[in-house]
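227 is the number that our numbering gives to position 20 of the sequence shown; each next residue is one higher, with no gaps. For each residue, glycine too, the CB sits at the ideal point set by N, CA and C.
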Amino acid sequence: LLTRVDSVSSLFRDFTVMIVKRGVLVVGLLLALASIGVSLGPVLALVGGASFVLAFALQSNLGNFASGLLLLIAKPFDVGDEVKVAGYWAYVDSISLANTRLKAFNGSIITLPNNTVWGGDIIIYTHSDTRKVMLSIYVKFDQDMDVIYEMWSELAASHPKVLADPGPGWFPWNSHYEYYISIGLSAWTKTSDFWGAYVDLLKMLQKRLDELGIELAAPVQEIKLNQSGNEITDQLPSAPEST
């Protein structure tokens, strides 16, 4: 039945199936003991006492287990999703009751306790079917903005993986910078095509900027040096006299 519900995490389905199987096993064992005349009262008391001791010993981990259940039920993400959790940008490798494993872009595995995952911000990049490619360039004030706009519109529309609706976008702004205008360029793709389109558009953009002779801006810093070293030396405190 759970396999027919799309909104339920596959991990939660597996967890529920495991609980049901073990519950049936425990009930069957108790019924078998009762059928041969074993009194269940002492057995249940023993199990209850052991459960209390175990819960007390593992109380520091109960928060992780509770957070793990919330992750499995709420399903903010699933295995294979690209996420940013606790400052880590990676793919979800696995989720258990105790921790969540992420696989970074360099192949390393990151294990996070579930209370850290559930208690922090979660960014899911693959939640929807479409995703926006965003690039930025910095150009000098004397560059023709219309040329850049037309260049990006034609370039993005020519890529087979860029969606026509919504179309390519751009947004120039200047936050009181002295030497450049920042231009944000965007295009929408299917989520499955995102990284391929991102790399292609970046290479195409660089090539097209070179062809049009559009000069990118570079940071400029003015450094003033004091040539009168004697003045600085005279201002330094003298060394204490040795006694």
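Out of curiosity, what's the CA-to-CA distance linking ARG415 and ASP328? So the alpha carbons of these two residues sit roughly 38 Å apart.
On the three-state DSSP scale, how would you describe ALA425? Of the three classes helix, strand and coil, the one that applies to ALA425 here is coil, per DSSP.
Under 8 Å, do LYS291 and ASP300 count as touching if we go by C-beta distance? In this structure, ASP300 does not lie closer than 8 Å to LYS291 by Cβ.
Exposed or buried, which one is ILE344 when buried takes at least 16 other CB atoms within 10 Å? A buried status is given to ILE344, since no fewer than 16 other beta-carbon atoms sit within 10 Å of its beta-carbon.
Report the rounded CA-to-CA distance for GLY374 versus TYR332, giving the unit in angstroms. It is roughly 20 Å from the alpha-carbon of GLY374 to the alpha-carbon of TYR332.
Determine, using beta carbons only, whether VAL346 and LEU423 come nearer to each other than 8 Å. Yes, they are a contact pair.
Short Cβ contact (8 Å threshold) for LEU408 with HIS366: Taking a C-beta distance under 8 Å as the contact criterion, LEU408 and HIS366 qualify as a contact pair.
Checking the sheet assignment: what are the DSSP bridge partners for MET341? Answer by DSSP bridge pairing, in chain order: SER393.
Look at the alpha carbon of VAL227 and the alpha carbon of VAL233, and state the distance between them as a whole number of angstroms. Taking the straight line joining both Cα atoms gives about 10 Å.
Same chain, Cβ closer than 7 Å to ILE380, neighbours up to 5 away in sequence not counted: Reading the sequence as shown, one finds Trp at residue 380 and not Ile. Closer than 7 Å at Cβ, skipping near neighbours: SER389.
Of the choices PHE284, PRO283, TRP377, THR307, whose alpha-carbon is the least far from that of TRP359? The shortest CA-to-CA distance from TRP359 to any of PHE284, PRO283, TRP377, THR307 is the one to TRP377.
Cutoff 8 Å; reference PRO283; Cβ partners in own chain excluding five residues on either side: Sequence-distant Cβ neighbours of PRO283 in its own chain, meaning closer than 8 Å and more than five residues away, are ILE329, ILE331.
For the alpha helix (DSSP H) holding PHE401, just list the boundary residues, first then last. Per DSSP, PHE401 is one residue of the alpha helix (DSSP H) stretching across 401-419.
Local Cβ density within 10 Å of ASN313, reported as buried at 16 or more and exposed below that: By the neighbour-count rule (16 or more Cβ atoms within 10 Å), ASN313 is not buried but exposed.
Report yes if the C-beta distance between LEU421 and ILE316 is below 8 Å; otherwise report no. Reading the sequence as shown, one finds Ile at residue 421 and not Leu. No, these two residues do not count as a Cβ contact at 8 Å.
Can you have a look at GLU418 and say buried or exposed, based on whether 16 or more other CB atoms are within 10 angstroms of its CB? That one is exposed.
For the alpha helix (DSSP H) that contains ASN313, what are its first and last residues? That residue, ASN313, is in no alpha helix (DSSP H); it is neither H nor E in DSSP.
Run the CB neighbour count on PHE348, radius 10 Å, all protein chains shown included, and call it buried at 16 or more, exposed below. By the C-beta density criterion, PHE348 is exposed, having fewer than 16 other C-beta atoms within 10 angstroms.
Measuring straight from C-alpha to C-alpha, what distance separates ARG308 and ALA281? In a straight line, the C-alpha of ARG308 is about 18 Å away from that of ALA281.
For LYS397, which option in THR323, VAL406, LYS368 has the closest C-alpha, if you only look at C-alpha atoms? Taking LYS397 as reference, the option from THR323, VAL406, LYS368 with the minimal CA-CA separation is LYS368.
Per DSSP, what kind of secondary structure is LEU319 in: helix, strand or coil? The answer is strand: DSSP assigns LEU319 an E or B state.
Going by DSSP, which residues form a beta bridge with TYR295? According to the DSSP secondary-structure assignment, TYR295 is paired through a beta bridge with VAL292.
Between the beta-carbon of SER242 and the beta-carbon of VAL324, is there less than 8 Å? Contact: no.
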